Amino acid sequence: MLGGLNTRVMMEYLPEIWQGFLATLFLSTASFVGAMALGVLACALTIQPLRWLRAPAVVYVDVIRATPLLAQLYFLYFGLPRLGVVLPEMLIGIIVLSLNSGAYMAEIIRSGILSIPRGQVEAGMSTGLGYMQRMRLIVLPQALRTTVSPLIGQAIVLVKDSSLLSLISVVELTRAGQRIAIDRFMPVEGLVATALGYLVLYYLLKSAAGAWQARNSIPGRG
Amino acid sequence: MTNLNTLASAAIIASLAAVATPAVAGTLDDILARGELRVAVQTQGPPFSFMDKSGQRSGSAIELTTLMAEEMGVKVVYLDFDWDGLLPALMSGKADMLAADMTPTLARATKVAFTKPFMYVGAVAFVKQGGDIASVEDCKKPGTTVAVLLGSTGEKLAPVVFPEAEIKSYKGGGTLLLDAVASGQANCGLNDSSAVKAQAAAYPEGTFTIFEEMLSKEPLAYAVRYDSMDLLAWSNLFIDTVSLDGRLDTNLDYWVNSDSWKADH
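So, in structure tokens, the structure goes:
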């Protein structure tokens with residue numbers, strides 16, 4: 000079926016696809032960093048005991064997880080200007096993706112922390128370690144190991160979610176593929192070129208996850 | 000092995016036979032046989048095709064294609080697409096015909112066969128009322144952002160008319176362009192005058208200034224596939240017929256050349 004692909008046209012659009020690939024890579028990396036920061040913060044706020052600090056974090060995670068990413072994107076893109084804030088679409092894209100992924104990452108990190116048996120924390124307390132010490136020496140090193148795989152899974156989702164930014168005129172991988180479809184009326188060529196780009200990004204992330212796991216596997220825990 | 004070869008040869012012969020058989024059944028015959036004309040239209044593209052206030056599908060292209068189906072003696076079935084999904088829908092055979100306010104460009108015509116134009120339009124620029132931009136000339140200034148529709152003729156026209164401006168292409172219906180300009184994400188918008196006028200009507204009075212100056216003159220036509228020459232010939236005759244008997248003018252005067260439809264839809 001793919002034998003009929005017009006590879007000549009695909010090669011002709013290689014510069015656009017490459018630009019789109021770089022843009023998607025940049026958007027995803029920036030959003031991943033933002034999402035990690037938000038995720039760690041939201042998670043820290045949800046697991047600490049003060050109720051008034053916990054509430055905003057819980058609301059943030061719930062609201063984001065309950066609404067579609069596209070709605071969040073349009074809400075900020077067309078909504079913010081009503082409040083007098085006009086930001087470039089690239090920045091709006093990074094903000095939306097960070098906010099969105101951050102909520103999921105908060106949950107991933109939280110589940111990692113909660114997976115550490117209570118007994119270990121109690122053992123830390125009985126040896127006189129403070130809260131921060133227990134976190135730094137006992138909980139986080141172990142929690143991090145179990146969360147890396149799901150976090151990279153979330154990063155893979157984030158990379159694909161960034162395709163939605165093509166809707167607010169950001170030129171990234173999906174939009175670059177749409178160009179082939181629209182300029183040359185070759186939707187299949189455009190979609191295949193786009194898919195190949197995402198596939199490359201996916202394998203980069205997958206091999207990163209594999210390498211990390213190989214280096215940090217715990218004997219006896221797999 | 001021999002068995003496989005025999006099977007393969009049989010399959011090849013059968014497929015050759017299928018190809019070699021004279022193509023008696025054209026698209027028009029298919030339509031008549033299945034009793035329905037499948038038309039790809041834009042989900043939200045007033046005044047040509049849109050859902051009106053009461054949720055009824057309406058518009059100039061809807062009425063004309065309904066009339067076509069009536070004249071053929073078949074039912075009409077509509078398939079909804081975003082602007083950039085229209086051509087793929089026709090090319091992939093999902094629809095027999097594409098009925099939208101589409102300009103028959105030479106590039107598009109390498110893929111689909113256009114009917115005779117049913118009318119001519121021009122592209123206009125529009126801005127948010129009360130902003131800094133007072134004329135089309137202002138849109139041409141460096142640093143200005145111009146919103147266009149992905150895959151539209153406006154997108155091709157924009158770099159020519161506004162060579163110094165930054166072009167932003169939006170995917171989806173034309174109202175997205177108006178939203179982009181209304182919210183300040185783009186300074187100017189560029190699209191067909193009929194589409195801009197019809198869509199701006201849905202916004203509060205005084206939201207937009209539409210500059211009268213026509214920046215291009217473009218025909219509008221429906222399209223079929225190149226394997227549907229029978230349907231193309233029939234459609235051209237249909238357009239000739241309705242323009243002679245006045246039904247085309249009645250349609251266009253109501254839907255496109257005036258705001259009459261807004262009272263009813």
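Residue numbers (numbering that gives the first Met the number 0), protein chains in the order written: chain A, 0 to 221; chain B, 0 to 264.
We treat Cβ as the ideally placed atom computed from N, Cα and C, and that holds for glycine.
Being a predicted model, the structure only gives us computed values, none of them experimental.
Can you list, in chain order, the residues of its chain whose CB lies under 8 Å from that of residue i, leaving out five sequence neighbours each side?
i	result
residue 50/B	42, 43, 56 and 57
residue 60/A	41, 45, 102, 105 and 106
residue 212/B	123, 124 and 135
residue 85/A	79
residue 74/B	34, 35, 36 and 68
Whose C-alpha, out of the options, is nearest the C-alpha of residue i?
i	options	result
residue 146/A	215/A, 60/A, 118/A and 87/A	215/A
residue 78/B	242/B, 103/B, 104/B and 48/B	48/B
residue 250/B	40/B, 46/B and 34/B	46/B
residue 165/B	139/B, 181/B, 177/B and 148/B	139/B
residue 207/B	221/B, 181/B, 215/B and 238/B	181/B
residue 242/B	30/B, 63/B and 52/B	63/B
residue 39/A	160/A, 97/A, 210/A and 121/A	97/A
Is residue i buried or exposed, if buried means 16 or more other CB atoms sit within 10 Å of its CB?
i	result
residue 113/A	exposed
residue 17/A	exposed
residue 119/B	exposed
residue 95/B	buried
residue 244/B	exposed
residue 259/B	exposed
residue 82/B	buried
residue 92/A	buried
residue 131/A	exposed
residue 74/A	exposed
residue 19/A	buried
Does any residue of chain A bring its CB to less than 9 Å from the CB of residue i?
i	result
residue 167/B	yes
residue 107/B	yes
residue 170/B	yes
residue 90/B	yes
residue 22/B	Per-residue confidence for residue 22/B stands at a pLDDT of 48, beneath the threshold of 50, marking its modelled position as unreliable; the derived number appears in the next sentence. Chain A contact via Cβ: absent.
residue 110/B	yes
residue 146/B	yes
residue 203/B	no
residue 182/B	yes
Express the C-alpha separation of residue j and residue i in angstroms, rounding to a whole number.
i	j	result
residue 264/B	residue 230/B	31 Å
residue 210/B	residue 134/B	7 Å
residue 76/B	residue 26/B	15 Å
residue 90/A	residue 72/A	11 Å
residue 63/A	residue 89/B	38 Å
residue 103/B	residue 257/B	24 Å
residue 101/B	residue 25/A	36 Å
residue 27/A	residue 157/A	7 Å
residue 21/B	residue 94/A	At residue 21/B the pLDDT is 48, less than 50, meaning the model places this residue with poor confidence; the figure from the coordinates comes in the next sentence. Straight-line Cα distance between these residues: approximately 60 Å.
residue 8/A	residue 188/A	8 Å
residue 160/B	residue 85/B	26 Å
residue 97/B	residue 67/B	13 Å
residue 247/B	residue 69/B	15 Å
residue 268/B	residue 195/A	The structure shown has nothing for residue 268/B, since chain B only spans 0 to 264.
residue 19/B	residue 202/B	Because residue 19/B sits at a pLDDT of 48, beneath the cut-off of 50, its placement in the model cannot be relied upon, and the following sentence gives the value as read from the coordinates. Residue 19/B and residue 202/B: Cα-Cα distance of roughly 57 Å.
residue 162/B	residue 142/B	11 Å
residue 58/A	residue 116/B	56 Å
residue 109/B	residue 179/A	14 Å
residue 205/B	residue 175/B	18 Å
Measuring only between beta-carbons, confirm whether residue i sits less than 9 Å from chain B.
i	result
residue 166/A	yes
residue 88/A	yes
residue 201/A	no
residue 181/A	yes
residue 77/A	yes
residue 133/A	no
residue 80/A	yes
residue 177/A	yes
residue 67/A	no
Residues in its own chain within less than 6 Å of residue i by CB, not counting five upstream and five downstream?
i	result
residue 234/B	114
residue 193/A	172, 173 and 176
Please return the same chain residues whose Cβ sits closer than 7 Å to the Cβ of residue i, not counting the five positions on each side in sequence.
i	result
residue 119/A	137
Taking 9 Å as the CB-CB limit, is residue i close to chain D?
i	result
residue 83/B	Among the chains of the structure shown, chain D does not appear; the protein chains present are A and B.
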